[in-house]
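All the letters of the sequence shown, read from the start, carry residue numbers 0 to 585 under numbering that gives the first Met the number 0. In this text, a Cβ means the ideal position worked out from N, Cα and C, and glycines have one as well.
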Amino acid sequence: MFRTNTCGELRLTDAGKKTTLAGWVQRVRKMGGMTFVDLRDRYGITQVVFNNEIDADLCEQANKLGREYVIQVTGTVSERSNKNKNIPTGEIEIVADHLRVLNSSEVPPFTIEDESDGGDDIRMKYRYLDLRRTPVRKNLELRHRMTMEVRRYLDSKGFLEIETPMLVGSTPEGARDFVVPSRMNPGQFYALPQSPQTLKQLLMVSGMDRYFQIVKCFRDEDLRADRQPEFTQIDCEMSFVEQDDIINLFEGMAKHLFKTIRGIELTEPFIRMPWSEAMKYYGSDKPDLRFDMRFVELMDILKGYGFSVFDNAAYIGGICAKGAASYTRKQIDQLTDFVKRPQIGAKGLVYARVEPDGTVKSSVDKFYSQEVLQQMKQAFNAEPGDLILILSGDDAMKTRKQLNELRLEMGTRLGLRDKNKFACLWVVDFPMFEWSDEEQRLMAMHHPFTHPKDEDIAMLDTDPAAVRADAYDMVINGVEVGGGSIRIHDSQLQAKMFEILGFTPEKAQEQFGFLMNAFKFGAPPHGGLAYGLDRWVSLFAGLDSIRDCIAFPKNNSGRDVMLDAPAALDQKQLDELQLALDLKDK
Ligand code: ASP
């Protein structure tokens with residue numbers, strides 16, 4: 000047998016047993032006549048000891064081992080005199096009587112221990128070494144357990160796991176596509192799927208009834224901490240359902256994951272917050288509800304006293320930070336700088352402290368009487384010791400978004416965003432469309448296959464911007480972990496949707512004819528949702544970036560620095576594809 004045990008399993012009860020282990024040398028320490036080796040594999044670390052007095056040759060061999068050598072060791076499990084309570088195998092060691100070097104290793108470019116000395120770039124380049132580190136490996140183990148639980152849950156609800164193709168057609172709506180040239184069809188391109196959206200809808204037309212897939216999706220977007228050019232969705236679709244059926248089933252899945260993976264029993268139904276309320280009170284369609292700090296609108300209270308910034312504003316609103324009246328001038332200046340950063344774009348910040356005697360002292364005292372300031376205090380239910388922070392602007396939506404950033408910043412500063420606390424909700428009743436300044440037309444807020452609310456359909460002709468959709472997102476701790484909608488299953492309504500989105504009938508037919516035609520052959524009412532697996536895993540692992548729960552992620556420029564991809568093609572490949580390059584930026 001190559002090994003009788005793993006490096007994580009032997010305990011004091013095994014003392015006296017003969018064992019053979021195999022793994023990587025994490026560390027070698029010489030002490031007196033003894034050599035200690037920390038032997039590591041996926042399951043843990045076991046201490047192996049070589050005694051010079053018992054076998055000098057063997058000890059000599061052990062002294063030559065370097066970090067990350069791969070070895071096989073045979074010996075006897077013994078009680079350790081110097082116990083290490085921090086690891087499960089810490090009460091024993093293996094007194095070695097045989098050592099075989101299976102492979103040597105160059106000195107690794109960074110230390111492969113829980114705390115590494117390697118920077119981000121070097122660890123990405125040698126990702127296979129980084130993955131030997133326990134904290135990184137644990138994230139992949141968590142990911143595996145989560146996908147197992149997802150499959151278990153969905154299987155128990157009658158879902159079929161069905162694969163859809165990775166080489167599909169390009170869809171102009173949505174993000175930018177990654178495209179793949181076709182050698183057999185010169186000048187033509189496949190696109191990698193941004194999501195299997197239309198395919199899963201076709202599976203409903205096929206009568207599959209309940210579909211899921213844990214599937215790679217590709218979007219050529221600018222990257223952020225919670226975005227990768229390729230990412231994994233738990234993609235689902237169901238027939239003969241209404242919004243409530245989907246929400247209930249997938250809330251059930253969320254609760255199943257919380258229970259089986261984190262041991263957290265969530266018994267209450269998740270809040271369902273209309274989009275308009277989320278925007279009004281939190282300035283975001285993914286509010287972090289671990290803390291309250293709702294917006295209070297102050298237009299009625301603060302307008303008309305000669306403070307021109309407020310008098311000319313389309314929106315004045317604020318938040319109340321409990322107990323933050325003790326903030327120093329310097330801390331307030333930092334907050335002002337924060338909201339003025341170009342990414343946020345506010346012009347300034349007004350603040351007001353509630354003093355111990357209940358009076359309010361503000362940065363705009365010269366415009367407001369104590370009476371007005373007291374009205375404001377009341378609007379927030381503010382108490383002595385609280386700090387009120389106010390933003391205003393000439394674009395209500397923009398100002399709310401700025402106030403959202405400030406709210407999140409204050410939440411962080413006041414320690415209200417504990418990673419081990421979870422606040423889950425559904426945001427529902429999204430608008431069907433949003434106006435795009437860039438495209439100068441309405442765009443689908445979710446996607447063009449989303450069903451408008453029945454009661455709003457009449458407004459499609461008169462006031463499309465006011466139409467709400469049967470669309471819903473699940474949000475946890477301010478992260479959108481999934482979203483979906485009831486779909487259109489009527490070819491005429493689908494055609495109308497494309498018309499509102501600015502497609503000519505010909506263009507709609509060319510791009511989405513396959514779907515509209517399918518709808519003519521008995522399409523059932525259907526709907527679905529996709530959960531972002533990477534976001535779920537990073538939330539459960541408490542990670543700041545989804546990168547850390549992906550085995551081989553891309554960096555912020557979309558590069559795989561380990562594989563050095565993307566890279567140029569050689570001329571032969573280009574010739575086969577009949578492609579010539581005409582690069583603008585050489
Ligand atoms: N395909 C959608 C998305 O990727 C999710 C859905 O509507 O099911 O966002």
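Residue i CB to nearest heavy atom of the ligand ASP below 7 Å
i: His143; result: no
i: Ala190; result: no
i: Ala174; result: no
i: Ala253; result: no
i: Gly512; result: no
i: Glu374; result: At residue 374 the sequence reads Gln, which differs from the Glu that was named. No, the ligand ASP has no heavy atom inside 7 Å of this Cβ.
i: Leu528; result: yes
i: Gln212; result: no
i: Gln196; result: yes
i: Gln232; result: yes
i: His446; result: yes
i: Ser484; result: yes
Three-state secondary structure (DSSP) of residue i
i: Val466; result: coil
i: Tyr326; result: coil
i: Ser275; result: helix
i: Asn184; result: coil
i: Pro134; result: helix
i: Ile121; result: helix
i: Tyr42; result: coil
i: Gln342; result: coil
i: Phe502; result: coil
i: Leu128; result: helix
i: Leu390; result: strand
i: Thr231; result: strand
i: His525; result: strand
i: Gln577; result: coil
i: Glu267; result: coil
i: Glu370; result: helix
i: Arg352; result: strand
i: Glu250; result: helix
i: Met561; result: coil
i: Met33; result: strand
i: Leu222; result: coil
i: Ser544; result: coil
i: Lys16; result: coil
i: Lys519; result: helix
i: Arg399; result: helix
beta-carbon residue i near the ligand PLP non-hydrogen atom, thresh 7 Å
i: Lys254; result: The ligand PLP is absent from the structure shown, which contains only the ligand ASP.
*State whether the region 78-92 contacts the region 0-15, with contact taken as three or more CB pairs (one from each stretch) at a distance under 8 Å.*
yes
*asked:* Which complete beta strand (DSSP E) runs does the region 46-119 hold, if anything under 3 residues is left out?
replied: 69-78, 91-102
*Along the chain, which unbroken stretches of the alpha helix (DSSP H) at least 4 residues long are found entirely within the region 417-474?*
458-461
*Counting Cβ pairs closer than 8 Å, one from the region 447-466 and one from the region 359-377, do we hit at least three?*
no
*asked:* Taking contact to mean 3 or more Cβ pairs, one atom from each stretch, closer than 8 Å, check whether the region 257-276 and the region 553-571 are in contact.
replied: no
*Which runs of the beta strand (DSSP E) fall wholly inside the region 133-220 and span at least 3 residues, in chain order?*
178-180, 188-190, 209-217
*Can we say the region 418-431 touches the region 352-360, given the rule of at least three CB pairs closer than 8 Å?*
no
_the region 234-244 touching the region 197-217, judged by at least three CB pairs closer than 8 Å_ = yes
*Assess, as a yes-or-no matter, whether the region 466-477 is touched by the region 311-318 under the definition of 3 or more beta carbon pairs within less than 8 Å.*
no
*Are there three or more Cβ pairs, one per stretch, closer than 8 Å when the region 59-74 is compared with the region 105-115?*
yes
*Contact the region 489-507 vs the region 432-451: 3+ CB pairs below 8 Å*: yes
*asked:* Could you check whether the region 521-540 touches the region 178-190, counting it as contact only if at least three pairs of C-beta atoms, one from each stretch, sit closer than 8 Å?
replied: no
*So does the region 389-398 actually touch the region 326-335, counting three or more Cβ pairs closer than 8 Å?*
no
*Pair every Cβ in the region 159-168 with every Cβ in the region 482-492, then say whether three or more of these pairs are closer than 8 Å.*
no
*Okay, do the region 342-356 and the region 274-294 touch, 3+ Cβ pairs below 8 Å being the bar?*
no
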